[in-house]
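Visitor: Quick note, the sequences are listed as chains A and B, same order. Sequential numbering of the first sequence, starting at 1, is according to the working numbering. Sequential numbering of the second sequence, starting at 1001, is according to the working numbering.
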Amino acid sequence: MGPVTHRAYLDHAATTPMLPAARTRWLQVSEMAGNPSSLHAAGRLVRQVVEEARESIAADLGTRPSAVIFTSGGTESDNLAVKGLFWQREPRVETPPRVLASSIEHHAVLDPVQWLAAHEGAQVEWLGVDALGRVSLAQIEESLRGGDVALCTVMWANNEVGTIEPVRQIAALCREAGVPFHTDAVQSLGQIPLNVAEVGAHAVTISSHKIGGPFGVGALILDPALTLTPIMHGGGQERDIRSGTFDAPAIAAFAVAVQHAVTHQPAHAAHIRELRDQLVTAVLHAVPGSVLNGPVSTSGSSPTSGDEVRLPGNAHFSFPGCEGDALLMLLDAAGIDCSTGSACTAGIPEPSHVLLAMGVDEPTARASLRFSLGRSTTADDVEAVVRALPAAVERAARAGLMTARARR
Amino acid sequence: MPRWASHGRRVMKVIAAMSGGVDSAVAAARVIDAGHEVVGIHLALSRKSHADTAGSRGCCTLDDARDARRVADMLGIPFYVWDFSERFAADVIEDFVSEYEQGRTPNPCLRCNEQIKFSAVLDRALAMDFDAVATGHYARIKRGLDGVELHRAVDSDKDQSYVLGVLRADQLEHAIFPLGDDLKSTVRLEAEKRGLLVARKPDSHDICFIPDGDTAGFLEGRLGRSPGQIVDVTTGAVLAEHNGTFGFTIGQRRGLRISQPADDGAPRYVVDIDITTRQVTVGPPELLDIRGIEGIRPIWAGSPLGATPVSVMAQVRAHGDPVPAFAWISGGRLIVDLCEPIRGLARGQAVVLYDRTRVLGSATVDVTKPVSVPRDAIPPESAPRSLVDSTVHGSA
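(1) My guess is that B:V1238 and B:S1362 are in contact by the Cβ rule of under 8 Å, so how many angstroms apart are they, rounded?
(2) Can you give me the Cβ contacts of A:C322 inside the same chain, cut-off strictly under 7 Å, excluding the 5 residues immediately before and after it?
(3) Since B:V1038 is in the beta strand (DSSP E), which residue starts that stretch and which ends it?
(4) Contact criterion: CB-CB distance below 9 Å. Does A:L45 meet it with respect to chain B?
(5) Under 7 Å Cβ to Cβ from B:G1180, same chain only, skipping five residues before and after it: list those, please.
(6) Over what stretch of residues does the alpha helix (DSSP H) that includes B:P1108 continue unbroken?
(7) Does DSSP classify B:L1345 as helix, strand or coil?
(8) What's the call for A:T153, buried or exposed, on a 16-neighbour Cβ count within 10 Å?
(9) Which residues in chain B sit within 7 Å of A:R395, going by Cβ to Cβ distance?
(10) Exposed or buried, A:P214, counting other C-beta atoms within 10 Å across all chains shown (16 or more means buried)?
(11) Flag this pair as touching only if the region 99 to 111 of chain A and the region 141 to 151 of chain A have three or more C-beta atom pairs under 8 Å; answer yes or no.
(12) Where do the ends of the alpha helix (DSSP H) carrying A:R366 lie?
(13) Tell me which residues share the same chain as B:L1183 and place their Cβ nearer than 6 Å to its Cβ, disregarding the 5 neighbours each side in the sequence.
(14) Between A:R168 and A:M232, what straight-line distance do the alpha-carbon atoms span, to the nearest angstrom?
(15) Measuring alpha carbon to alpha carbon, tell me which of A:L292, A:V262, A:L275 and A:T75 ends up nearest A:S56.
(16) Under the DSSP definition of a beta bridge, which residues are partnered with B:K1013?
(17) Would you say A:T340 touches the ligand PLP, meaning its beta carbon is less than 8 Å from a heavy atom?
(18) Starting from B:V1163, follow its DSSP beta bridges and name the residues at the other end.
(19) For the beta strand (DSSP E) containing A:G62, list its first residue and its last residue.
(20) Which residues of chain A have a Cβ atom closer than 8 Å to the Cβ of B:P1078, listed in chain order?
(21) What three-state label does DSSP hand A:W115 in the structure shown?
(22) Compare the C-beta of A:T364 against all C-beta atoms of chain B and say whether one is closer than 9 Å.
(23) Taking 9 Å as the cut-off, decide whether the C-beta atoms of B:Y1354 and B:P1322 are in contact.
(24) Kindly indicate if chain A contains any beta-carbon less than 9 Å away from that of B:R1124.
(25) Taking C-beta to C-beta, are B:V1316 and B:I1293 nearer than 9 Å?
(26) At which residues does the beta strand (DSSP E) containing B:V1366 begin and terminate?
(27) Name the two residues that bound the continuous beta strand (DSSP E) containing A:H316.
(28) Check A:S77 in the structure and name its three-state DSSP category.
(29) Tell me the rounded alpha-carbon separation between B:M1012 and B:A1127.
(30) Nearest chain A C-beta to B:P1310 closer than 9 Å, yes or no?
(31) Is there a Cβ of chain A sitting closer than 9 Å to that of B:A1401, yes or no?
(32) Using a Cβ cut-off of 9 Å (strictly closer), state whether A:T403 contacts chain B.
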């Protein structure tokens, strides 16, 4: 390894650099003094900023302003939707209500669902996925038929392997059954078309820092016909669903980022899709034995057709025999920022529950890496990965061999 | 000039094992200063978060992992957590439990150095094209005529060569101990000067996987209760009941919970543990005096001893005084004939042999020979000779 001159940031699914326009707006609003909930002139001015942001986001996502509930980000929106919808349901004493959840959810959904099962008696039905990470509509239909479902939650697109789920069809099934449908769209926004009304979901999670807005802000788009039990009680903001003083500068900048994401989605998707396809072809060629996880995107599919099967910025590989964390470390040293894509506990990567649900064995699941592309990604970044990867894989395979030998 | 300094030499890629304490922090800083390419690693030895043990002085708490990460940040080096919890559970904790179950008293720190830090971690580092692993141990590595040598640290109070006595030459070849030439007080001062936030952190002493220090309680949890009797060696009287022989160590005086004092009022010590009858025998301290040791699993830092007795210094505790002895190999076992008696040595402990400051090797104590039993005949083939006389680099 020589000295690193170029760093390739390929972890945009974790977070992506802030847009200059969002930063400008952020700083602008940060100079305003009032609390948006105050009734005086200073308060009204900031209130106006928040409401304009709400209207802007609603228009961009094809929904009504009253549907937009600002939160602290994706995790809070997911918790609010899952717990809030569960608690909102009339308690049935005889049988606790059921929750339908896909087995490949982000931990921000997975963990609240498991918590409800452990502490609130929720009967959870985990929706399995096929080898490409897709849920089965037939299973969902069947499960909904069982009745007494408090909510169904299936992510719009998976954060690890990029699989896009049939949310429109799931929403239709849920509406027919009278069951609230929540979908985590944190990874989808900006990469694929996202129109809430068109899809018909009752609750949609979005996050700001994944699309070039500031950290610490997000929203739950909640069908105004529904309400849910709040997690945070206090000043009664956001129709009493989410108390707490508005972070006006972050909300205003978030709206700028949403508008940018939606307006530029087709061009952005085309840009990252092309580079992603180059990356996938080059990696599979450069590293014998490497495997692409998740669906193969159909070449030529129109960015607006809505029939895309994989997020255009996502590439996820397994390098059998290697350890993902060794690869990560070696690539980091070679100037590549990427991720295993799965959660870690105190810095220790866990084998991905998503890959395990897709039927991947544990050693292969541990041998995985995610590259996620974004606005700043260039062909140089892709080349840097392809240059660094073979040597890193070779060393990580030796490290993997050590571990395997030691386990015997 | 320390061996690991890079002046005019090749820049090495070094893994700095960072516990979150002051020693490993300064060790990492020194290797960076020497011009090497350093990556900080914190070993996760338990999957449980030790959030509830913030007050303990073991290692591996959340605070320690955070401190290690912050030190790496300050030093400007990459930092990762390596998960060796499975290996640690299998090779250190299980071994610890099973040794106690067998009536022996293991030293888990030696085991960790042997099996984890300088085996699993080193192997992984070498596989990933690193050249060496640096730790904050107080010991010195020198180059002698026969190759790499392990020596005691300059700071005799902190010297940790004993717990490194389980390392072979091929492991020492890739080990860096940047603190061996300095006093602990110097290292602490240096940490302050460097502005490392861990400069005033207390040393850790406990067994890291038993943060509350209750070894007997830990073992009872793992092995279950298996009651037996505590018997006086002279009178044969049953003095008390116990919950399991694993709660006892040869030479132990405290925590016997014997209500009835000895006839002469003298304190009583554990002098024998029988796992088949579950009987713990207590008696006067004189019975603990031993004049010889037989060790199994000998490990050599340099060339192994042979059948010819050589004059050595033998040390049986991390901070115990070494005693002069003759040592040789017989039937694969290390025989150590002590020139002065040692009081209270438990089976399962390590005996580390030194030639003055240099570590020759070690073995696990399997048999201890009380002073009362006749001395083994020294093998007739050769008279005892001094190792010092036979080595060219030995000097007064």
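For glycine and all other residues, C-beta sits at the position ideal for the given N, C-alpha and C. Quick caveat: nothing in here was measured; it's all calculated off a predicted structure.
Guide: Looking at the coordinates:
(1) Walking along the second sequence from the start, residue 1238 of chain B turns up at place 238. Walking along the second sequence from the start, residue 1362 of chain B turns up at place 362. Not really, about 38 Å apart at Cβ, beyond 8 Å.
(2) For the purposes of this step, residue 322 of chain A is identified with residue 322 of the first sequence, where counting begins at 1. So the qualifying residues of the chain are A367, V393, A396, A397 and G400.
(3) Residue numbering aside, residue 1038 of chain B sits at position 38 when the second sequence is read from its first letter. Unbroken beta strand (DSSP E) run through B:V1038: E1037 to A1044.
(4) Counting from one through the first sequence, the residue named residue 45 of chain A turns up at place 45. Not closer than 9 Å to any Cβ of chain B, the Cβ of A:L45 fails to qualify, so no.
(5) Residue 1180 of chain B sits at position 180 when you count from the first residue of the second sequence. The answer, listed in chain order, is Y1138, A1139, R1140, A1153 and V1154.
(6) Taking the second sequence and counting its residues from 1, one reaches residue 1108 of chain B at position 108. Unbroken alpha helix (DSSP H) run through B:P1108: P1108 to C1112.
(7) Position 345 of the second sequence holds residue 1345 of chain B. Looking at B:L1345 - three-state DSSP - the assignment turns out to be coil, as it is neither helix nor strand.
(8) Position 153 of the first sequence holds residue 153 of chain A. Buried, by the Cβ-count rule.
(9) In the first sequence, residue 395 of chain A corresponds to position 395, counting from 1. By Cβ distance, chain B contributes A1127, M1128 and D1129.
(10) What you label residue 214 of chain A is simply residue 214 of the first sequence in a count that begins at 1. That one is buried.
(11) yes
(12) Position 366 of the first sequence, counted from the first residue, corresponds to residue 366 of chain A. First-last of the alpha helix (DSSP H) with A:R366: E362 to R366.
(13) By one-based count along the second sequence, residue 1183 of chain B stands at place 183. So the qualifying residues of the chain are D1155.
(14) Residue numbering aside, residue 168 of chain A sits at position 168 when the first sequence is read from its first letter. Residue numbering aside, residue 232 of chain A sits at position 232 when the first sequence is read from its first letter. A:R168 and A:M232: Cα-Cα distance of roughly 30 Å.
(15) Taking the first residue of the first sequence as position 1, residue 56 of chain A is located at position 56. Residue A:V262 is the option with its Cα nearest to A:S56.
(16) For the purposes of this step, residue 1013 of chain B is identified with residue 13 of the second sequence, where counting begins at 1. According to DSSP, which records beta bridges pairwise, B:K1013 is partnered with B:E1037.
(17) In the structure shown, the ligand PLP is absent, as is every other ligand, since no ligand is present at all.
(18) Locating residue 1163 of chain B in the second sequence gives position 163, where the first residue counts as 1. BP columns for B:V1163 are empty, so no partner.
(19) Translated into the one-based positions of the first sequence, residue 62 of chain A becomes position 62. Where A:G62 is concerned, there is no enclosing beta strand (DSSP E), given that its DSSP letter is neither H nor E.
(20) The sequence position of residue 1078 of chain B within the second sequence is 78, counting from 1. Under the 8 Å cutoff, chain A gives M329, D332 and A333.
(21) Walking along the first sequence from the start, residue 115 of chain A turns up at place 115. Helix, per DSSP.
(22) Against the first sequence, residue 364 of chain A aligns to sequence position 364. No, no contact with chain B.
(23) Taking the first residue of the second sequence as position 1, residue 1354 of chain B is located at position 354. Taking the first residue of the second sequence as position 1, residue 1322 of chain B is located at position 322. Yes, these two residues count as a Cβ contact at 9 Å.
(24) As a first step, residue 1124 of chain B must be located in the second sequence, where it is residue number 124. At least one chain A Cβ lies under 9 Å of B:R1124.
(25) For the purposes of this step, residue 1316 of chain B is taken as residue 316 along the second sequence, with counting starting at 1. For the purposes of this step, residue 1293 of chain B is taken as residue 293 along the second sequence, with counting starting at 1. Cβ distance < 9 Å, so B:V1316 and B:I1293 count as in contact.
(26) Here residue 1366 of chain B refers to the residue found at position 366 of the second sequence. Rather than Val, the amino acid found at residue 1366 of chain B in this sequence is Asp. Note, B:D1366: beta strand (DSSP E), R1358 to P1370.
(27) Taking the first sequence and counting its residues from 1, the one referred to as residue 316 of chain A is at position 316. Run containing A:H316: N314 to S318, per the beta strand (DSSP E) assignment.
(28) To locate residue 77 of chain A, count along the first sequence from 1; it is residue 77. In this structure, A:S77 counts as helix in the three-state DSSP scheme.
(29) The count along the second sequence starts at 1 and reaches residue 1012 of chain B at position 12. The count along the second sequence starts at 1 and reaches residue 1127 of chain B at position 127. So the alpha carbons of these two residues sit roughly 15 Å apart.
(30) As a first step, residue 1310 of chain B is located in the second sequence; it is residue number 310 there, counting from the start. The sequence shown places Val at residue 1310 of chain B, not Pro. No, B:V1310 lies away from the interface with chain A (no Cβ there is under 9 Å from its Cβ).
(31) For chain B, the structure presents residues 1001 to 1396; residue 1401 of chain B sits outside this window and is missing.
(32) On the first sequence, residue 403 of chain A is found 403 positions in, with the first residue counted as 1. Closer than 9 Å: yes.
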